[in-house]
Amino acid sequence: MEWSSCSDPRLLMTSHGYTDEGLRHPDGMANRSIEKMRKSPAANGISVAEVAMRNGR
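Heads up: the sequence shown begins at 4 in the numbering used here, then just goes up one per residue.
What follows is the structure, given as structure tokens:
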């Protein structure tokens with residue numbers, strides 16, 4: 004869909020973050036390690052969707 008064919012286009016963003024370190028790892032917060040620290044950013048993300056009205060809908 005092209006921006007020029009839409010009325011008032013917008014972006015909708017949603018965060019998919021899960022930041023409970025105690026639940027993310029089998030041994031919880033015990034034995035902190037570099038491997039655990041590297042795993043944390045991979046558990047976060049976002050989705051972006053373009054939404055707009057077309058023909059009044």
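Note that beta-carbon positions come from the ideal geometry of N, C-alpha and C, so glycine has one too.
If I'm right that residue i touches residue j with Cβ under 8 Å, what's the distance once you round it to whole angstroms?
| i | j | result |
| --- | --- | --- |
| residue 56 | residue 23 | Incorrect: roughly 38 Å between the Cβ atoms, too far for contact. |
| residue 13 | residue 51 | Going by Cβ atoms, the distance from residue 13 to residue 51 rounds to 11 Å, so no, they are not a contact pair. |
In the DSSP assignment, find the beta strand (DSSP E) that holds residue i and state where it starts and stops.
| i | result |
| --- | --- |
| residue 40 | Here residue 40 belongs to no beta strand (DSSP E); instead the alpha helix (DSSP H) covers 37-42. |
Whole angstroms are fine: how far does the CA of residue j sit from the CA of residue i?
| i | j | result |
| --- | --- | --- |
| residue 48 | residue 28 | 18 Å |
| residue 4 | residue 18 | Only weak support is given to the placement of residue 4: the predicted model assigns it a pLDDT of 48, under 50, and the value that follows is read from those uncertain coordinates. Cα-Cα distance, rounded: 24 Å. |
| residue 30 | residue 16 | 33 Å |
| residue 32 | residue 45 | 17 Å |
| residue 41 | residue 34 | 14 Å |
Thinking C-alpha only, which one of the options is nearest residue i?
| i | options | result |
| --- | --- | --- |
| residue 26 | 39, 59, 58 | 39 |
| residue 43 | 58, 20, 15 | 20 |
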